[in-house]
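S.K.:
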Amino acid sequence: MAVTRFAPSPTGYLHIGGARTALFDLLWAKKTGGKFVLRIEDTDQSRNSPTAAKQVMDDLKWLGIQWDQGPQVGGPAEPYFQSQRLDIYNKYIKQLLDSGKAYYCFESADELEQMRKQAAAKKQNFIYQRPKTFPNASDVEKAKVQGRDVVVRFCMPEEEIVVDDVIRGQVKFKGSEISDLIILKNDGFPTYHFACVVDDELMGITHVIRGQEHLMNTPGHIALQKALGFKTPVYAHMSLTVSEGGGKMSKRDRAKVLKEAIKKSQGLDMEALASAGGINITELEEFISGDAMPDTPAVDAMAEYLHMDLPEINIVDFFKSGYLPQALVNFIALLGYSAPVDKEVLTLQELIDTFDSSRFNKTNSLFDRKKLLSFNMEHIKLLSADELLSRYKDFLKVVNSPAAKADDALLKRVLKASEGARTLAEIDHKSRFLFTEDDKIEYNQKDVDKVLLNNNGQGLTMLAELKEHLRNLPTLNDKTIEDMLRGLAEQKQVGLGKVAQPLRLAICGTTISLPIFESIDMLGLEATVRRIERTIKKFADKIVKEIK
RNA sequence: GGCCCCAUCGUCUAGGCCGGUCCAGGACACCGGGUUUUCAACCCGGCGACAGGGGUUCAAAUCCCCUUGGGGCUACCA
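Take a look at the structure:
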């Protein structure tokens, strides 16, 4: 029976790394018949946004990762927002202070920075020099009056601390090489380290599953637990997910791609770009030339302005790109972990049923988008027609597709005709022509040249004939259309492509669409004929004469 | 710089704890072919890895050491 927890700081959207941690928290808890708790770590007043916690929760729910205890659902250790638990932390801070295991300090950020620089100059790790005697209450008062910073530090014990990790085995640290941690900040909020240790105890957390980036924090946490008389949970530090360029995946990856694109493109209207992103020109320049990074909405807006795709990092990015949560869950579950079964396409329930905590591996893994694509296709195939429809409608809404207004029956036909598609976006793109006004259809010039104009306008000629044949069909459905097209091809002694491609181009403007028979059937006879006529009119005088 | 983690096909991984059954298996990608009304999908085939060096052993992908390479942390962020 494992009680696990996912403890995000609500600084924005849930990203892929957080989702993976949350997933394994869920798997571990569910497999052992335990509980999965969600706790919001909002102890950094400057970085939290009120909507971010909700966003993170929405993202988790979209993925199908539902918590047993936490915000929105309650639980025995309420509240689950750390910012609402200050008096609890203060109680334990006082306990540490009273027992001499913690002490006040008054350095400013600048002073600390100086000390760090000095240590670096000596090629040493910075370790805060613990005073021989600790400041007393009146010293604290004095410091406050003087307007100095007041923080509380925890006395790290000197002894060796062993982290017993499920994934990594025993990892040893020397307490003497770890600086006394700040546990209470100048603003009266506890630091992550402290709040996390207190809450894990109070919320009965038995297993802490998190990314390897936290391994170095763990000895500090264990020391804190000992000092407070708490139990030490089981630790499992998972390998990290890295992106193509190396380094763990982060929202910086998106900004980086955007920056490169801006640098490469010539003659960009920088003013317009900045305003599209909702930032001023100075901020944009600092972004391009320096290390400054605009926030997520600004990056997204600028990418949209430039009509470019950024690598997906946040869960919503994947949603907007047409991925299914089931595919995403399946894919990230197999990063740094392998299920003890002989197949790879797995549902969340199968992942839970087969979960085995001994099957984590220690190596970092690269996020391979091509493989994700393949998983997405498999999961599209796995869904029932109704489930797929409902997912598809959600998708259409979020990307503002004109297809969002279509009725269910039509969308179901579109979906059925889209077997083998890899993303929902692909389906939407291939069927947009059904939801576009005739005169808004844009023709792809290359395709026009190739299938309509070449060979003295063979394709156009074909279209004219096709129009008549279509009109003469007694009934219109995919079967009669197919028979007619095949018959015509045979009669002309040409491949079906010679007949189908001009038609495809006429109705959707490109040579890529859903299968042609269904396409015509869904579009309807009238619209099809209208589009053929429009196409003929538009290109009749542009026939490329072959030069011998 | 200091501390810590890691190392099997291009990628995700199986195998490693209990050395021989592994001249290393699967999936994705890639390449070739087939199918075909486009793009996909689908079918068949192919390419492709134990980072390097030392040990230990009758025997090492598996155990030990070193080197190299990658990653993480090094905040009054989490």
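Residues in the first sequence are numbered consecutively from 43, following our numbering. Using N, Cα and C, we set each Cβ at its ideal position, and we do this for glycine too. None of these values were measured; they are calculated from a predicted model.
Grab me the residues of residue 329's own chain with a C-beta within less than 6 Å of its C-beta, minus the 5 sequence neighbours each way, in chain order.
M.R.: 336.
S.K.: DSSP beta-bridge partners for residue 211?
M.R.: 207
S.K.: Which of the three DSSP states, helix, strand or coil, is assigned to residue 400?
M.R.: helix
S.K.: Roughly how many angstroms lie between the CA atoms of residue 164 and residue 148, to the nearest whole one?
M.R.: 24 Å
S.K.: Classify residue 594 as buried or exposed, calling it buried when 16 or more other Cβ atoms lie within 10 Å of its own Cβ.
M.R.: The question about residue 594 has no answer, for the chain in this structure spans 43 to 590.
S.K.: Our contact map puts residue 431 next to residue 452 with C-beta atoms below 8 Å; I'd like the distance itself, whole angstroms only.
M.R.: With 8 Å as the limit, residue 431 and residue 452 do not qualify as a contact, their Cβ atoms being about 11 Å apart.
S.K.: Taking only the alpha-carbon atoms, compute the straight-line gap between residue 221 and residue 444 and give it to the nearest angstrom.
M.R.: 58 Å
S.K.: Going by the DSSP bridge assignment, what does residue 145 pair with across the sheet?
M.R.: DSSP lists 195 as the beta-bridge partner residues of residue 145.
S.K.: Who does residue 592 pair with in a DSSP beta bridge?
M.R.: Since the displayed the chain opens at 43 and closes at 590, residue 592 lies outside it and no answer follows.
S.K.: Where does residue 170 sit, in a helix, a strand or coil, going by DSSP?
M.R.: coil
S.K.: Between which two residues does the alpha helix (DSSP H) holding residue 559 run?
M.R.: 558 to 565
S.K.: Looking at the structure shown, is residue 588 part of a helix, part of a strand, or coil, going by DSSP?
M.R.: In this prediction, residue 588 scores a pLDDT of 43, lower than 50, which makes its location untrustworthy; no coordinate-derived value is stated.
S.K.: Would you decide whether residue 498 is buried or exposed? Buried here means 16 or more other CB atoms lie within 10 Å of its CB.
M.R.: exposed
S.K.: Just verifying my parser: in three-state terms, what is the DSSP assignment at residue 115?
M.R.: coil
S.K.: Just grab the DSSP bridge partners of residue 356 for me.
M.R.: 57
S.K.: Taking contact to mean at least 3 C-beta pairs separated by less than 8 Å, is the segment 274 to 285 in contact with the segment 255 to 263?
M.R.: yes
S.K.: Less than 8 Å between C-beta atoms, sequence neighbours within five positions excluded: which residues of the same chain meet that for residue 75?
M.R.: 43
S.K.: Hey, would you say residue 542 sits closer than 8 Å to residue 518, going by beta carbons?
M.R.: No, the Cβ-Cβ distance between residue 542 and residue 518 is not below 8 Å.
S.K.: Using beta-carbon positions only, say whether residue 105 and residue 61 come within less than 8 Å of one another.
M.R.: For residue 105 and residue 61, yes; Cβs fall inside 8 Å.
S.K.: Under the rule that 16 or more other beta-carbon atoms within 10 Å means buried, what is residue 323, buried or exposed?
M.R.: So residue 323 counts as exposed.
S.K.: In the DSSP assignment, find the unbroken beta strand (DSSP E) run with residue 512 in it and report its ends.
M.R.: Element bounds for residue 512: not the beta strand (DSSP E) but the alpha helix (DSSP H), 496 to 514.
S.K.: Assuming residue 381 and residue 388 are in contact, meaning their beta carbons sit under 8 Å apart, how far apart are those beta carbons, in whole angstroms?
M.R.: Under the criterion of beta carbons closer than 8 Å, residue 381 and residue 388 qualify as touching, at roughly 6 Å.
S.K.: Are the CB atoms of residue 112 and residue 253 within a distance shorter than 8 Å?
M.R.: no
S.K.: Is there contact between the segment 296 to 306 and the segment 402 to 410, where contact requires at least three CB pairs shorter than 8 Å?
M.R.: no
S.K.: Hey, quick one: how far does the alpha helix (DSSP H) through residue 78 stretch, first residue to last?
M.R.: Residue 78 -> not in any alpha helix (DSSP H); beta strand (DSSP E) instead, spanning 77 to 80.
S.K.: When we look at the beta-carbon of residue 93 and count the other beta-carbons within 10 Å, is it buried (16 or more) or exposed?
M.R.: Around the beta carbon of residue 93, fewer than 16 other beta carbons sit within 10 angstroms, so the residue counts as exposed.
S.K.: Quick check: what's the CA-CA separation for residue 410 versus residue 470?
M.R.: Cα-Cα distance, rounded: 24 Å.
S.K.: Please report the distance separating the alpha-carbon of residue 433 from that of residue 495.
M.R.: 40 Å
S.K.: Do the segment 229 to 246 and the segment 79 to 99 meet, that is, are 3 or more Cβ pairs less than 8 Å apart?
M.R.: yes
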